[in-house]
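Asker: In full-length UniProt numbering, the protein residues as written are 1 to 226. Glycine included, C-beta positions come from ideal geometry on N, C-alpha and C.
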Amino acid sequence: MMSVVGAQPFIKPMQTSPSVSPGIQRRHTLPASEVRPLNTQDAISVFEIEREAFISVSGECPLHLDEVRHFLTLCPELSMGWFEEGRLVAFIIGSLWDQDRLTTEALTLHKPCGSTVHIHILAVHRTFRQQGKGPILMWRYLQYLRCLPNVRRAVLMCEDCLISFYRKSGFKVLGRCAITVASLTFTEMWYPINGHAYMRRNSEAIRFPQHPLTLPLAKTDEQVDM
Ligand SMILES: CC(C)(COP(=O)(O)OP(=O)(O)OC[C@H]1O[C@@H](n2cnc3c(N)ncnc32)[C@H](O)[C@@H]1OP(=O)(O)O)[C@@H](O)C(=O)NCCC(=O)NCCS
């Protein structure tokens, strides 16, 4: 289906040529750690992580390559990538949704007037798992969403085995999700986005603008109160 098998997803750190005198070597350094929105050029790296995390396990994945490109074109500001020396190690992809609950349309659509961020996927590259990166990136993402004026809540659907994982990040169970994929069923979870916040935690480079989004004013969106 996807012809990306031979692709080189990760940017290698640039190396200086040994034939150049050290005195005139230019320094090409990539930040040790950087969090920034993703763009379409990151799509292959995203999909490589997905392929290992999901396709090799179940044959399915939350977003196929064309869908990754679709959302990174339409709403890159709702994505977040964690890079170590230029290499994507973890990411989140979201889009806006305008209904209380997720439907199959939410899997492919971005609703610019919606006040709900649908988190399609959080994934960590396998060699960087079990280091707390997933929860840290989610924390940063949720803080970032608080800077967006019209966002009221975040929602996601997950397999039951991940409910406790997302609970630790502050998500609450909303109920069974109407969406099924093959034989897989999901639980829908939500997180309230209240007020404004500015990311000050840690000193790593964060290249999000202070006012990153100009969203059209949303119609009143019923806040789900659990
Ligand atoms: C699930 C995933 C995002 C977790 O990220 P991570 O950085 O590896 O998280 P860690 O292993 O460092 O765990 C952090 C905490 O979450 C808990 N946790 C991790 N995976 C868990 C799971 N499947 N169920 C319950 N808790 C889990 C850990 O026990 C740990 O808790 P603690 O801080 O109280 O000790 C990562 O394993 C991954 O990318 N998996 C493949 C893709 C995937 O399933 N994504 C989620 C669905 S979209």
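1) Determine contact between the segment 52–61 and the segment 81–90, defined as no fewer than three beta-carbon pairs at a distance below 8 Å.
2) Going by beta-carbon coordinates alone, are L109 and I179 separated by less than 7 Å?
3) Could you tell me if the beta carbon of S164 falls within a distance shorter than 6 Å of some heavy atom in ligand 1?
4) Report yes if the C-beta distance between V151 and S95 is below 7 Å; otherwise report no.
5) Name the DSSP beta bridge partners of H118, please?
6) Measure the beta-carbon distance from W97 to H64 and round it to whole angstroms, keeping in mind my assumption that it falls under 8 Å.
7) Please classify G134 as buried or exposed, where buried requires at least 16 other C-beta atoms within 10 Å of its C-beta.
8) Which of helix, strand or coil does DSSP assign to I11?
9) Consider the C-beta atom of I121 and the heavy atoms of ligand 1; say whether any pair is separated by less than 6 Å.
10) Shortest alpha-carbon distance to W190 belongs to which of S33, Y166, S183?
11) Does the separation of the CB atoms of R153 and P112 fall below 7 Å?
12) Would DSSP call P76 helix, strand or coil?
13) Going by beta carbon distance, what residues of the same chain come within less than 6 Å of R200, once the five residues before and after it are set aside?
14) Hey, quick one: how far does the alpha helix (DSSP H) through P135 stretch, first residue to last?
15) Could you pull the start and end residues of the alpha helix (DSSP H) that A43 belongs to?
16) Does ligand 1 have even one heavy atom less than 6 Å from the beta-carbon of residue 284?
Answerer: Concretely, from the data shown:
1) By the Cβ rule, the segment 52–61 does not count as touching the segment 81–90, because fewer than three pairs are nearer than 8 Å.
2) Judged by beta-carbon spacing, I179 lies beyond the 7 Å limit of L109, meaning their Cβ atoms are not closer than that value.
3) Indeed, a heavy atom of ligand 1 lies less than 6 Å from the Cβ.
4) It is not a contact, given that the beta carbons lie outside the stated cut-off.
5) Beta-bridge pairing by DSSP links H118 to S95, V155.
6) Actually they are not in contact, since the Cβ atoms of W97 and H64 sit about 19 Å apart, beyond 8 Å.
7) So G134 counts as buried.
8) For I11, the predicted model reports a pLDDT of 33, less than 50, meaning its position is unreliable and no value from the coordinates is stated.
9) Correct: I121 has its Cβ closer than 6 Å to ligand 1.
10) Nearest of S33, Y166, S183 to W190, Cα basis: Y166.
11) Cβ distance not < 7 Å, so R153 and P112 don't count as in contact.
12) Residue state, collapsed to three classes: helix.
13) The predicted position of R200 is uncertain, since its pLDDT is 48 and thus under 50; a value taken from the coordinates is nonetheless stated next. Closer than 6 Å at the Cβ level, and outside the excluded window around R200, lies no residue.
14) Where P135 is concerned, the enclosing alpha helix (DSSP H) stretches over 133–145.
15) From DSSP, the alpha helix (DSSP H) with A43 extends over 43–50.
16) The structure shown does not extend to residue 284, since the chain spans only 1 to 226, so no value can be given for it.
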